[in-house]
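K.L.:
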Amino acid sequence: MNSEHIKLAARNVDLWFGAKHVLKQVNAAFPQNEVTALIGPSGCGKSTLLRSFNRMHDLVPDVRIEGKLLLEEQDLYDKKASVTQLRKRIGMVFQKPNPFPKSIYENITYGLKINGVPAGQHKEIVERSLKESFIWDEVKDDLDKPAMRLSGGQQQRLCIARTVALRPEVILMDEPCSALDPLSTLKIEELIIKLKEEYTIVIVTHNMQQAQRVADKTYFLYLGEVIENGPTASIFNDPKQQLTKNYVTGHFG
Amino acid sequence: MHIQARERIDGLVRSLIKATGLIVISILGGIFFMLLWNTVSFFIHVSPLDFITGTQWNPTGRHATYGILPLLVSTCLVTLGAMAIAIPLGIGTAAFMSEYAGKRLKNILKPAVEMLAAVPSVAIGFLGIVALGPGIARLTQLSNGLNALNGAILLSVMSLPTIITVAEDAINGVPATYKEASLGIGATKWQTLTRVTIPAAAPGIVAAIMLGVGRAIGETMTVLMATGNAASFPKGFFDSVRTITATIAIEMGEVPYQTTHYYSLFAIAGILFLLTLVVNMAGEYFVNKFRKFHSA
Numbered sequence: 000m001n002s003e004h005i006k007l008a009a010r011n012v013d014l015w016f017g018a019k020h021v022l023k024q025v026n027a028a029f030p031q032n033e034v035t036a037l038i039g040p041s042g043c044g045k046s047t048l049l050r051s052f053n054r055m056h057d058l059v060p061d062v063r064i065e066g067k068l069l070l071e072e073q074d075l076y077d078k079k080a081s082v083t084q085l086r087k088r089i090g091m092v093f094q095k096p097n098p099f100p101k102s103i104y105e106n107i108t109y110g111l112k113i114n115g116v117p118a119g120q121h122k123e124i125v126e127r128s129l130k131e132s133f134i135w136d137e138v139k140d141d142l143d144k145p146a147m148r149l150s151g152g153q154q155q156r157l158c159i160a161r162t163v164a165l166r167p168e169v170i171l172m173d174e175p176c177s178a179l180d181p182l183s184t185l186k187i188e189e190l191i192i193k194l195k196e197e198y199t200i201v202i203v204t205h206n207m208q209q210a211q212r213v214a215d216k217t218y219f220l221y222l223g224e225v226i227e228n229g230p231t232a233s234i235f236n237d238p239k240q241q242l243t244k245n246y247v248t249g250h251f252g
Numbered sequence: 000m001h002i003q004a005r006e007r008i009d010g011l012v013r014s015l016i017k018a019t020g021l022i023v024i025s026i027l028g029g030i031f032f033m034l035l036w037n038t039v040s041f042f043i044h045v046s047p048l049d050f051i052t053g054t055q056w057n058p059t060g061r062h063a064t065y066g067i068l069p070l071l072v073s074t075c076l077v078t079l080g081a082m083a084i085a086i087p088l089g090i091g092t093a094a095f096m097s098e099y100a101g102k103r104l105k106n107i108l109k110p111a112v113e114m115l116a117a118v119p120s121v122a123i124g125f126l127g128i129v130a131l132g133p134g135i136a137r138l139t140q141l142s143n144g145l146n147a148l149n150g151a152i153l154l155s156v157m158s159l160p161t162i163i164t165v166a167e168d169a170i171n172g173v174p175a176t177y178k179e180a181s182l183g184i185g186a187t188k189w190q191t192l193t194r195v196t197i198p199a200a201a202p203g204i205v206a207a208i209m210l211g212v213g214r215a216i217g218e219t220m221t222v223l224m225a226t227g228n229a230a231s232f233p234k235g236f237f238d239s240v241r242t243i244t245a246t247i248a249i250e251m252g253e254v255p256y257q258t259t260h261y262y263s264l265f266a267i268a269g270i271l272f273l274l275t276l277v278v279n280m281a282g283e284y285f286v287n288k289f290r291k292f293h294s295a
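Those protein sequences? They're chains A and B, same order as listed.
Mapping to numbering that gives the first Met the number 0: the first sequence position 150 is 149, numbers consecutive.
Mapping to numbering that gives the first Met the number 0: the second sequence position 266 is 265, numbers consecutive.
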């Protein structure tokens with residue numbers, strides 16, 4: 000266990016929205032090729048933590064971050080670091096499926112174009128990433144159709160395909176199944192487990208079963224603090240803290 | 000209140016609302032038929048072909064000629080010129096306001112743009128005569144600056160508030176999730192704006208442009224004051240022009256009723272109506288075309 004390689008880490012991170020202290024001295028480490036789940040009641044800061052890794056808070060005025068967020072020892076908030084380069088290395092899948100109002104094909108090639116991938120490779124990468132996201136068979140004949148015409152579950156898999164097309168190192172998922180039906184959820188979960196062979200995955204989820212099904216490690220957050228973390232099985236079956244126990248057994252949250 | 004009384008009021012209100020709707024529709028219909036009726040009367044006297052292809056508008060000469068081309072070309076010239084200025088400026092301002100400007104700057108810009116819309120057209124025409132005209136004359140070494148360029152610049156100023164307001168609403172209406180998706184895969188703000196936000200806002204932006212065109216085509220007072228009103232065939236932006244609207248405004252007051260000249264003014268108004276209709280329909284077509292990708 001000690002030999003595992005830490006891909007993404009947060010060290011003593013504090014975050015404020017205006018005067019509101021949202022993350023308090025958060026420490027976290029996400030090992031390579033593993034799925035780590037962030038759980039906790041609404042408003043505990045798990046999405047905020049996730050979004051701070053690919054600097055989505057840059058869009059929000061009045062936000063202040065202290066501490067260090069690291070990708071392979073590179074400071075993500077280093078003034079000299081290129082945000083766009085960083086977001087290419089750390090992909091994100093959002094809560095609500097958000098394909099672009101373009102065709103399925105263009106949804107994938109958009110990211111390739113802006114990152115300067117030669118047009119000659121587009122076709123091949125589109126096919127590969129759609130296959131990796133288990134959606135190729137469903138859409139291969141409709142690549143020029145609007146992505147908005149797909150079902151919610153298909154849209155979310157397309158969004159995952161859009162992310163993996165860029166070969167990121169880390170994929171952040173912010174409750175990727177909360178807008179989906181159980182069957183689509185199952186498909187996405189299978190996909191997540193497949194994807195960890197190649198990528199490091201951090202997933203925020205409200206669904207305890209989901210965390211247990213997909214995650215190797217779990218972090219439990221409460222009111223902006225990491226209360227407990229460890230292998231998923233021990234968090235759910237043998238929590239050390241009373242708070243964690245109350246939450247995973249459904250007493251609150 | 001008794002149930003019967005409430006139902007009676009409901010019925011009364013329903014017929015009242017129906018009546019207002021019918022009144023508006025019948026006014027519209029009335030205008031349309033008046034236009035059509037008088038246009039048809041005109042075409043009894045002058046052949047439609049001569050009207051459409053004629054290059055001279057001289058209804059008061061000894062041999063009256065009713066060629067709409069110089070007027071039509073004038074209107075198109077001024078409108079196109081206005082749009083060439085107003086579209087990039089308007090969309091740029093709208094994008095700046097919704098994507099780049101800070102809260103405080105936005106709070107100043109938005110009322111300023113709305114105030115621009117409140118400036119009466121006669122005041123803008125006045126500026127054209129006393130400020131813009133002499134300026135153009137000096138720069139181009141012409142005897143005066145009352146020409147198509149002057150009108151186009153003034154009309155662009157007048158259509159800017161419409162274009163900015165509608166386009167800004169459209170850009171603001173693009174869901175934040177699109178922008179997040181684009182930024183999330185490494186796009187810059189500029190790439191996100193030009194490749195995701197503006198295309199997604201395209202229906203609204205096209206509507207903004209069409210409203211702007213409509214504003215420019217139909218505007219009368221400003222062009223009347225600033226374009227010189229020579230009804231000869233314009234050769235370029237530095238020629239004096241006379242638009243359809245200005246022609247109607249100038250001649251309608253002095254024309255004897257029920258003459259060919261009188262009917263001819265309805266005919267050119269009819270053409271103006273058709274022009275606006277085509278612009279609106281083209282706008283509608285593009286809006287639908289873009290909408291296809293939004294909600295299937």
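Heads up, the beta-carbon is just placed ideally off N, CA and C, and yes, glycines get one too.
Bear in mind the structure is a predicted one, so any value in this text is a computation, not a measurement.
1) Excluding the 5 residues preceding and the 5 following Ile64 (chain A) in the sequence, name in chain order all residues of the same chain whose CB lies nearer than 6 angstroms to its CB.
2) Residues of chain A with a CB under 7 angstroms from the CB of Thr187 (chain B): which are they?
3) Using only CA atoms, which one of A:Leu194, A:Leu182, A:Lys244 lies nearest to Met207 (chain A)?
4) Starting from the beta carbon of Tyr177 (chain B), find every residue of chain A whose beta carbon is closer than 8 angstroms, and list them in chain order.
5) Residues of the segment 196-223 of chain B with a CB closer than 8 angstroms to any CB of chain A: list them in chain order, please.
6) Who does Glu224 (chain A) pair with in a DSSP beta bridge?
7) Show which residues of chain A have a CB atom less than 7 angstroms away from the CB atom of Leu104 (chain B).
8) In the DSSP assignment, find the unbroken alpha helix (DSSP H) run with Leu159 (chain B) in it and report its ends.
9) Where do the N-terminal and C-terminal ends of the alpha helix (DSSP H) with Asn206 (chain A) fall, by residue?
10) Within a Cβ cutoff of 8 angstroms, which residues of the same chain sit near Asn1 (chain A), ignoring the five residues on either side of it in sequence?
11) Are the CB atoms of Met172 (chain A) and Ile202 (chain A) within a distance shorter than 8 angstroms?
12) Tell me whether Lys288 (chain B) sits in a helix, a strand or coil according to DSSP, three-state version.
13) Mind reading off the beta-carbon distance from Thr275 (chain B) to Gly217 (chain B)? Whole number of angstroms is fine, and I expect it under 8 angstroms.
14) Given a cut-off of 8 angstroms on the beta-carbon distance, is the pair Arg156 (chain A) and Lys186 (chain A) in contact?
15) Between the beta-carbon of Asn228 (chain A) and the beta-carbon of Lys239 (chain A), is there less than 8 angstroms?
16) Nearest to Ile313 (chain B) by CA position, among B:Thr92, B:Asp238, B:Val77, is which residue?
17) Within its chain, find whatever has a CB closer than 8 angstroms to the CB of Gly213 (chain B); leave out the 5 residues flanking it on each side and keep chain order.
18) Could you say if the segment 173-181 of chain A and the segment 135-148 of chain A meet the contact criterion of at least three C-beta pairs nearer than 8 angstroms?
19) Would you report the Cα separation of Lys6 (chain A) and Arg54 (chain A), rounded to the nearest angstrom?
20) I'd like to know whether the C-beta of Arg137 (chain B) is nearer than 8 angstroms to at least one C-beta of chain A.
21) On the DSSP letters alone, give me the boundaries of the alpha helix (DSSP H) that Arg10 (chain A) sits inside.
22) Can you find a CB in chain B that lies within less than 8 angstroms of the CB of Thr162 (chain A)?
23) Once DSSP output is grouped into helix, strand and coil, what is the label at Leu165 (chain A)?
24) Considering only the beta carbon of each residue, do Gln209 (chain A) and Glu188 (chain A) sit closer than 8 angstroms?
25) Buried or exposed: Ser46 (chain A), going by 16 or more other Cβ atoms within 10 Å of its Cβ?
26) Whose Cβ in chain A lies nearer than 9 angstroms to the Cβ of Ile107 (chain B)?
27) Kindly list, in the order they appear in chain B, the residues whose Cβ is closer than 7 angstroms to that of Arg86 (chain A).
28) What are the residues in the segment 108-122 of chain A lying within 9 angstroms of chain B by C-beta distance?
29) What does Asn273 (chain A) touch in chain B if you count any residue whose Cβ is under 7 angstroms from its own?
30) Using a threshold of 8 angstroms, state whether the C-beta atoms of Ile249 (chain B) and Ala268 (chain B) are closer than that.
31) Within this structure, are the beta carbons of Gly110 (chain A) and Ala164 (chain A) separated by less than 8 angstroms?
32) From which residue to which residue does the beta strand (DSSP E) around Leu258 (chain A) run?
33) Using a Cβ-Cβ cutoff of less than 6 angstroms, which residues in the same chain neighbour Arg212 (chain A) once the five nearest sequence positions on both sides are dropped?
34) Would you mind stating whether Gly124 (chain B) and Thr196 (chain B) have Cβ atoms separated by less than 8 angstroms?
35) Need the endpoints of the beta strand (DSSP E) that Arg63 (chain A) sits in, please.
36) Assuming Ile38 (chain A) contacts Thr199 (chain A) (C-beta within less than 8 angstroms), just tell me the rounded distance between them.
P.N.:
In short:
1) Leu14
2) Thr83
3) A:Lys244
4) Asn97, Phe99, Pro100
5) Pro198, Ala199
6) According to DSSP, Glu224 (chain A) bridges with A:Tyr221.
7) Counting only Cβ-Cβ distances below 7 angstroms, Leu104 (chain B) has no contacts in chain A at all, with the closest Cβ about 13 angstroms away.
8) Counting along the chain, the alpha helix (DSSP H) containing Leu159 (chain B) begins and ends at 147-171.
9) From DSSP, Asn206 (chain A) is part of no alpha helix (DSSP H); its letter is neither H nor E.
10) Residue placement at Asn1 (chain A) is poorly supported in this model, since its pLDDT is 48, which falls under 50; the coordinates still yield a value, given next. Nothing listed; no residue qualifies.
11) At a Cβ-Cβ threshold of 8 angstroms, Ile202 (chain A) and Met172 (chain A) count as neighbours.
12) Judged by DSSP in its simplified three-state form, Lys288 (chain B) adopts helix.
13) The pair is a contact, with the Cβ atoms about 7 angstroms apart (cut-off 8 angstroms).
14) Taking 8 angstroms as the Cβ cut-off, Arg156 (chain A) and Lys186 (chain A) qualify as a contacting pair.
15) No, they are not a contact pair.
16) Since the first residue of chain B shown is 0 and the last is 295, residue 313 (chain B) is not available in this structure.
17) Thr275, Val278, Asn279
18) They do not touch, by the three-pair rule.
19) 17 angstroms
20) No - not a single Cβ of chain A is within 8 angstroms of the one on Arg137 (chain B).
21) Premise fails: Arg10 (chain A) lies in the beta strand (DSSP E), 5-16, not in any alpha helix (DSSP H).
22) yes
23) coil
24) yes
25) Burial call: buried.
26) Those do not exist, as Ile107 (chain B) stays about 17 angstroms from chain A at its closest Cβ, beyond 9 angstroms.
27) Leu182, Gly183, Ile184, Gly185
28) Tyr109, Gly110, Lys112, Ile113, Asn114
29) Nothing about residue 273 (chain A) can be read from this structure; chain A reaches only from 0 to 252.
30) no
31) yes
32) What is shown of chain A runs 0 to 252, which leaves residue 258 (chain A) out entirely.
33) Closer than 6 angstroms at Cβ, skipping near neighbours: Glu188.
34) no
35) 62-70
36) Actually they do not touch by this definition, with Cβ atoms about 18 angstroms apart.
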